[in-house]
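Right, one structure below, let's go through it.
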Amino acid sequence: MAYLSRRRAKGEITFECVNGFIMVLLSFTTLYPFLFLIFQSLGNSASISFLPKEFETAAYATVFKNSYIWSGFRNTILRTVVGTVLSVLVTTSGAYALSKPWFPNRRLWTGFIVFTMFFSGGLIPSYLLMKGLGLYNSFWAMILPGLCSAYNLTIMRNFFMGIPNELEESAKIDGANDIQIMLRIVIPISLPIIATISLWNAVGHWNAWFDCM
């Protein structure tokens with residue numbers, strides 16, 4: 001038994017060493033492009049090497065002297081915050097309603113929503129729609145078109161459908177209405193999926209550039 005224990009201990013140590021080496025290698029592979037860009041931004045553009053021979057901040061000075069960079073950051077942060085909050089509110093409300101059997105024709109409405117995932121209206125129709133709604137050249141043109149994602153709505157709806165009905169039935173016996181059940185029971189249970197949807201929306205708004213044009 002002692003021999004087997006020592007052999008197992010050596011095997012575990014070997015596995016941990018190999019696993020650690022692989023993780024470090026993968027981490028370096030992932031971080032290398034970012035480190036390379038940072039070092040290149042601090043070096044001379046005439047030379048290409050991992051570590052610059054001479055450090056200089058002329059590129060950063062040129063960028064931050066441009067007044068548009070600050071307005072761009074402000075608009076991006078504002079869009080990310082407003083768009084994420086509104087998207088999560090609309091998606092959560094819609095998914096909760098579609099997950100309930102008492103919602104009229106919920107399968108039909110769910111089918112219509114899923115149908116939009118496979119087809120797009122196209123660039124020109126979308127532009128004409130925004131112009132017809134009076135959203136052209138406005139802040140809300142970046143928020144309202146993608147306010148509710150069919151994909152996110154479907155994922156959150158399926159999550160809500162997995163919540164046991166006994167929890168809501170117990171709350172109804174205590175006199176809670178649907179809004180109270182949603183705010184006091186469903187939302188606290190659904191914080192993981194809400195955090196995931198919020199992250200997806202925030203990253204999407206932060207990286208978006210095409211609709212800003």
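Count the sequence shown with this note's numbering and you get residues 1 to 213, in order. For glycine and all other residues, C-beta sits at the position ideal for the given N, C-alpha and C. Computed from a prediction, not measured in an experiment: that's the story for all the values here.
Just curious, the alpha helix (DSSP H) that K172 is in, first and last residue?
-> To locate residue 172, count along the sequence shown from 1; it is residue 172. K172 -> alpha helix (DSSP H) spans N165 to I173.
G122 versus L128: straight-line alpha-carbon distance, rounded | Position 122 of the sequence shown holds residue 122. Position 128 of the sequence shown holds residue 128. When rounded, the distance between both Cα atoms is 10 Å.
Which of helix, strand or coil DSSP assigns to G121 | The sequence position of residue 121 within the sequence shown is 121, counting from 1. The answer is coil: DSSP assigns G121 none of H, G, I, E or B.
Which residues mark the beginning and the end of the alpha helix (DSSP H) in which S138 is found?
-> As a first step, residue 138 is located in the sequence shown; it is residue number 138 there, counting from the start. Taken as a continuous stretch (DSSP letters only), S138 belongs to no alpha helix (DSSP H), as it is neither H nor E.
Nearest-angstrom Cα distance between A97 and K172?
-> Walking along the sequence shown from the start, residue 97 turns up at place 97. Walking along the sequence shown from the start, residue 172 turns up at place 172. If you take the alpha carbons of A97 and K172, they lie about 17 Å apart.
Taking Cβ positions, are D211 and M117 nearer each other than 9 Å?
-> The count along the sequence shown starts at 1 and reaches residue 211 at position 211. The count along the sequence shown starts at 1 and reaches residue 117 at position 117. Not closer than 9 Å, so no.
Three-state secondary structure (DSSP) at W109?
-> To locate residue 109, count along the sequence shown from 1; it is residue 109. W109 falls in the helix class under three-state DSSP.
Using the Cα positions of K215 and L144, report the straight-line distance between them to the nearest angstrom.
-> In the structure as shown, the chain begins at 1 and stops at 213. Residue 215 is therefore absent and cannot be evaluated.
C-alpha gap between V224 and R157, whole angstroms = Coverage of the chain is limited to positions 1 through 213, which leaves residue 224 absent and any answer about it impossible.
State the DSSP-derived secondary structure class of L199, mapped to helix, strand or coil.
-> In the sequence shown, residue 199 corresponds to position 199, counting from 1. Looking at L199 - three-state DSSP - the assignment turns out to be helix.
Any idea what DSSP makes of D211, helix, strand or coil?
-> Counting from 1 along the sequence shown, the entry for residue 211 is found at position 211. Correct three-state label for D211: coil.
Return yes when the Cβ of T57 is within less than 9 Å of the Cβ of L42, no when it is not.
-> Mapped onto the sequence shown, residue 42 falls at position 42. Mapped onto the sequence shown, residue 57 falls at position 57. Yes; because the gap between Cβ atoms is below 9 Å, this pair is in contact.
Over the uninterrupted alpha helix (DSSP H) stretch that includes S99, give me the two end residues.
-> Within the sequence shown, residue 99 is the residue found at index 99, counting from 1. Premise fails: S99 is in no alpha helix (DSSP H) and is neither H nor E.
Which one of E168, C17 and N75 has the shortest CA to CA distance from R184?
-> As a working mapping, residue 184 is identified with position 184 in the sequence shown. Comparing Cα positions, the closest option is E168.
Boundaries of the alpha helix (DSSP H) in which F219 is found, first to last residue | It is not possible to answer for residue 219, since the shown part of the chain is limited to 1 through 213.
F21 to I155 span [Cα, whole Å] = Your numbering for residue 21 matches position 21 in the sequence shown. Your numbering for residue 155 matches position 155 in the sequence shown. Taking the straight line joining both Cα atoms gives about 37 Å.
Do S190 and I163 have their C-beta atoms within less than 9 Å of each other?
-> Walking along the sequence shown from the start, residue 190 turns up at place 190. Walking along the sequence shown from the start, residue 163 turns up at place 163. Yes. Within cutoff.
Give every residue of the same chain whose Cβ lies closer than 7 Å to the Cβ of S27, excluding the five residues on either side of it in the sequence, and list them in chain order.
-> Counting from one through the sequence shown, the residue named residue 27 turns up at place 27. If we look at S27 and ignore the five residues flanking it on each side, it has no Cβ neighbours.
List the whole-angstrom C-beta distance separating T92 from A202, where the pair is believed to meet the contact cut-off of C-beta under 8 Å.
-> Position 92 of the sequence shown, counted from the first residue, corresponds to residue 92. Position 202 of the sequence shown, counted from the first residue, corresponds to residue 202. Actually they do not touch by this definition, with Cβ atoms about 15 Å apart.
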